Amino acid sequence: MAQETHWSTRAHAQPPAISLRGVVKRFGSIVAVDGLDLQVPTGVCFGLLGPNGAGKSTTMRMLTAQALADEGELQVLGYELPRESKQARMEMGVVPQLDNLDVELTCRQILTVFARLYRVPAGERGAAVDRALGLANLTQRADTIVRELSGGMRRRLLVARGLIHEPRLVLLDEPTVGLDPQVRQELWTLIDGLRVRGVTVLMSTHYIEEAERLADVVAVMSHGRIVAQGTPSELVRAHAGEQVIEVYGPPQQLAELGELAASKSWQSRRSGPALAIMRAEELDGDAPEGVRRPANLEDAFVALTGEEIE
Amino acid sequence: MSARAQAVSAQPRAPRVGRLEPAALAAVMSRDVVIFGRYWKATTFSSIVQPTIYLLAFGLGFGTLVKTIGHVKTIEYIATGTVATAVLFSSAFPGMFNTFVRWQFQRTYDAMLATPLDVEELITAEILWISLRAGVYGLAPLVVGFAFGLAPEWGMLLIPAIGFVTGFGFAAFGVLVAAIAKTIDNFNYITSAVLTPMFLVAGTFFPVSTLPDGVREVAQVNPLYHCVQLVRDASLGTLHAGDVGHAGVLLAFALLMWRLAIWQLGRRLID
């Protein structure tokens, strides 16, 4: 087995796993995706970070041709969409945001049906199902009906279902939304395991910590297009600097400080009970009293999109 | 070859997939089979008991008053008519309800369409499964009829095939209705205004010749009427050239509804 190469080495060795150019998708008068350019390199865990309504789910649906773009070019694994979408889906796994499991079937039954849908050869289906159950830590629950599973188990089953055929590209749409912290950790470990195996992962999320932890590359999406892209540390350095000063105080004081910051063209934002001033390393003597901390992805995100996220 | 090209060509490509693949149809139907395994008693009960009750009520009820309908013994007339109603109800209702529930409430179809399955295969497989069942359930009234003096006839072996084709058309019709309906309550309109008159103006329990002018013509465009004629002739050993016409209408109905169902549900499944 070859040694694990750095993701950037793998990325440059092959054409992109996903290539979207100038993609537009409208629903009536709403433009959900507005001139999207996105290149996902092979072997990378790519985070699509954006608030709700940014167009992430619509983008995911276009990648499986369950939504058809109004304009633009789409390619997945070298296949042109939507013409060759079915072929692309043979090599692609999808973990959707919403639970669409058959509540009446057992884990094993669901995985078997999907193994057939993905054309796993008959002789290999049993092994594929066992492997997927193991990956999702559901071996004990193989013959339990979905209705009797907890939320976390159902989510793990959703992941297993998308991986039953060992695809080389996996789409994860908000994989941990609505889950409690422990289950979230379990899923993060699972997703991390995919990266190690060289599977290309495109993960959409509105959780900044999730993007920061798991993604090699993060693209920030807002109002239907990418506004910035890079590794988490590149994004932070480019859009929030290295250090941030957080000033705590009553709202009145913070409001005044905010106006002062604006007049001096300092980059700042409200962060709960504090006003955070970015690029504190450039302020020198001018800086107000406060707590110094490293800049993080959340600062960069708010600077880029102007949106606060949970 | 450059290192880049080598890396790309080293990746194994999946086998090519085409249109209406048997493997895809089998995969979708395998899901239906598993669910059927869980609920077969309820499904079979509802598909068999209702027509049987019609058969017993009309057969025994009228059978004592009226010995023949046209040139046919009452029990034979009613039993063969009931075959058609069994096929109709075991295909149109699942077509409507299963489709709607799986699509809207469970989002099952969304999940499956993320795999190498397209809308045409998905809908065709669902219709095929319903039709296979309808073909089998269509035999039930005949079996009940045997107990009441219906004579077995070689032509009855054609019933599953006739039931399959008729069921295909009505299942597809059900899918079409599900695709167009805004809510599940809308199905009441179809049941009362379309299906109920349909199974009465088909020669199921009485000949259409007894109906007034105009209404009789409606029977000609009613696929169920053609099903009833075909079933009756096959079951009583009276098949003739005209039955080819009946079969043709059923096949055309099936084909037309199939394409319409795929078109309409497809539009709603893919944004």
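If you're matching them up, the sequences are chains A and B in order.
Just remember that this note's numbering sits 247 ahead of the position in the first sequence, which is counted from 1.
Just remember that this note's numbering sits 3 ahead of the position in the second sequence, which is counted from 1.
Each residue gets a CB set at the ideal place from its N, CA and C atoms; glycine is no exception.
For clarity, every value in this text was computed on a predicted model and none was experimentally measured.
Where Leu131/B and Gly40/B are concerned, what is the direct C-alpha to C-alpha distance, given to the nearest angstrom? Translated into the one-based positions of the second sequence, residue 131/B becomes position 128. Translated into the one-based positions of the second sequence, residue 40/B becomes position 37. Spanning the two alpha carbons is a distance of roughly 17 Å.
For Pro541/A, name the three-state secondary structure that DSSP assigns. Locating residue 541/A in the first sequence gives position 294, counting from the first residue. If DSSP states are grouped into helix, strand and coil, Pro541/A belongs with the strands.
To the nearest angstrom, how far is it from the Cα of Phe274/A to the Cα of Asp188/B? Working through the first sequence from its first residue, we reach residue 274/A at position 27. Working through the second sequence from its first residue, we reach residue 188/B at position 185. Answer to the nearest angstrom: the Cα atoms are 27 Å apart.
What in chain B is Cβ-close to Ala314/A, meaning under 9 Å? Residue numbering aside, residue 314/A sits at position 67 when the first sequence is read from its first letter. By Cβ distance, chain B contributes Ile273 and Asp274.
Buried or exposed: which applies to Arg540/A, given that a residue is buried once 16 or more other Cβ atoms fall within 10 Å of its Cβ? The residue given as residue 540/A occupies position 293 in the first sequence. Its Cβ having fewer than 16 others within 10 Å, Arg540/A is exposed.
Considering Cα atoms alone, identify which of Leu160/B, Val178/B, Leu198/B and Ala137/B is closest to Leu239/B. Here residue 239/B refers to the residue found at position 236 when the second sequence is read from its first residue. For the options Leu160/B, Val178/B, Leu198/B and Ala137/B, the alpha carbon positioned closest to that of Leu239/B is the one of Leu160/B.
Where Met260/B and Phe103/B are concerned, what is the direct C-alpha to C-alpha distance, given to the nearest angstrom? Stepping through the second sequence from its first residue, residue 260/B is reached at position 257. Stepping through the second sequence from its first residue, residue 103/B is reached at position 100. Approximately 17 Å, taken between the alpha carbons.
Strictly below 7 Å CB to CB, what residues from chain A border Ser49/B? Here residue 49/B is taken as the residue at index 46 of the second sequence, counted from 1. At a C-beta separation below 7 Å, Ser49/B has no neighbours in chain A, since its nearest C-beta there lies roughly 17 Å away.
With burial defined as no fewer than 16 other Cβ atoms inside 10 Å of the residue's Cβ, what is the status of Lys185/B: buried or exposed? Residue mapping note: residue 185/B aligns to position 182 of the second sequence, counting from 1. When all chains shown are included, Lys185/B counts as exposed.
So that I know if they touch, is there some Cβ in chain B lying closer than 7 Å to that of Val341/A? Start at 1 with the first residue of the first sequence, and residue 341/A comes out as number 94. Flagged as an interface residue toward chain B: Val341/A, by a C-beta distance shorter than 7 Å.
Chain-ordered neighbours of Phe361/A on chain B, where CB pairs are closer than 7 Å: For the purposes of this step, residue 361/A is taken as residue 114 along the first sequence, with counting starting at 1. Thr118, listed in chain order.
Per-residue contacts from Met450/A into chain B (C-beta, under 8 Å): Working through the first sequence from its first residue, we reach residue 450/A at position 203. Here the premise fails: no neighbours, minimum Cβ distance about 16 Å.
In angstroms, rounded to a whole number, what distance separates the CA positions of Gln286/A and Tyr495/A? Position 39 of the first sequence, counted from the first residue, corresponds to residue 286/A. Position 248 of the first sequence, counted from the first residue, corresponds to residue 495/A. Near 41 Å, if we compare the C-alpha coordinates of Tyr495/A and Gln286/A.
Just to make sure I have the definition right: I need the residues of chain B whose C-beta is within less than 7 Å of the C-beta of Met400/A. Which are they? Mapped onto the first sequence, residue 400/A falls at position 153. Neighbours of Met400/A on chain B: none; closest Cβ ~17 Å, over 7 Å.
Under a three-way DSSP split, which group does Ala264/A fall into? Here residue 264/A refers to the residue found at position 17 of the first sequence. DSSP places Ala264/A in the coil class of the three-state scheme, outside both helix and strand.
Environment of His243/B [buried if 16+ CB atoms lie within 10 Å]: By one-based count along the second sequence, residue 243/B stands at place 240. Exposed: under 16 other Cβ atoms inside 10 Å.
Expected contact under 8 Å - CB spacing of Val204/B and Val221/B to nearest Å: Stepping through the second sequence from its first residue, residue 204/B is reached at position 201. Stepping through the second sequence from its first residue, residue 221/B is reached at position 218. Between Val204/B and Val221/B, the beta carbon gap of about 6 Å places them in contact (Cβ cut-off 8 Å).
Which of the three DSSP states is assigned to Met4/B in this structure? Here the question's residue 4/B lines up with position 1 in the second sequence. Because the pLDDT of Met4/B is 41, which lies under 50, any placement of that residue in the model is unreliable, and the question is left without a value.
So is Pro215/B buried or exposed if we call it buried at 16+ other beta carbons inside 10 Å? Taking the second sequence and counting its residues from 1, one reaches residue 215/B at position 212. Exposed: under 16 other Cβ atoms inside 10 Å.
Taking the continuous beta strand (DSSP E) assigned at Met450/A, which residues delimit it? Counted from its first residue, the first sequence places residue 450/A at position 203. Thr447 to Thr452 is the span of the beta strand (DSSP E), which, as asked, contains Met450/A.
Let's see if you can read the secondary structure: which residues bound the beta strand (DSSP E) around Met115/B? Position 112 of the second sequence holds residue 115/B. Not the beta strand (DSSP E): Met115/B falls in the alpha helix (DSSP H), residues Thr111 to Leu116.
Contact between the region 356-373 of chain A and the region 428-440 of chain A (3+ Cβ pairs under 8 Å): With contact defined as three or more Cβ pairs closer than 8 Å, the region 356-373 of chain A and the region 428-440 of chain A are not in contact.
Which bits of chain A does Pro18/B rub up against, with CB to CB less than 9 Å? Translated into positions along the second sequence, residue 18/B becomes position 15. Chain A residues near Pro18/B: Met337 and Arg366.
Does the separation of the CB atoms of Ala475/A and Ala550/A fall below 7 Å? Here the question's residue 475/A lines up with position 228 in the first sequence. Here the question's residue 550/A lines up with position 303 in the first sequence. With respect to the 7 Å criterion, Ala475/A and Ala550/A are not classified as neighbours on the basis of their beta carbons.
Kindly indicate which residue of Arg355/A, Leu321/A, Glu395/A and Gln500/A has the alpha-carbon position closest to the one of Arg378/A. By one-based count along the first sequence, residue 378/A stands at place 131. If we check each option's Cα against that of Arg378/A, Arg355/A comes out closest.
Whose CA, out of Gln499/A, Val464/A and Val491/A, lies closest to the CA of Leu482/A? Reading the first sequence from its first residue, position 235 is the one you call residue 482/A. Nearest in C-alpha terms to Leu482/A, of all of Gln499/A, Val464/A and Val491/A, is Val464/A.
Exposed or buried, which one is Ala374/A when buried takes at least 16 other CB atoms within 10 Å? Stepping through the first sequence from its first residue, residue 374/A is reached at position 127. Exposed.
Cα-Cα separation, Arg19/B to Glu327/A: Here residue 19/B refers to the residue found at position 16 when the second sequence is read from its first residue. Here residue 327/A refers to the residue found at position 80 when the first sequence is read from its first residue. The straight-line gap from Cα to Cα measures roughly 14 Å.
Give the residues from the region 29-61 of chain B that approach chain A closer than 9 Å (Cβ to any Cβ), ordered along the chain. Cβ contacts with chain A come from Ala29, Ala30, Val31, Ser33, Arg34, Val37, Ile38, Arg41 and Tyr42.
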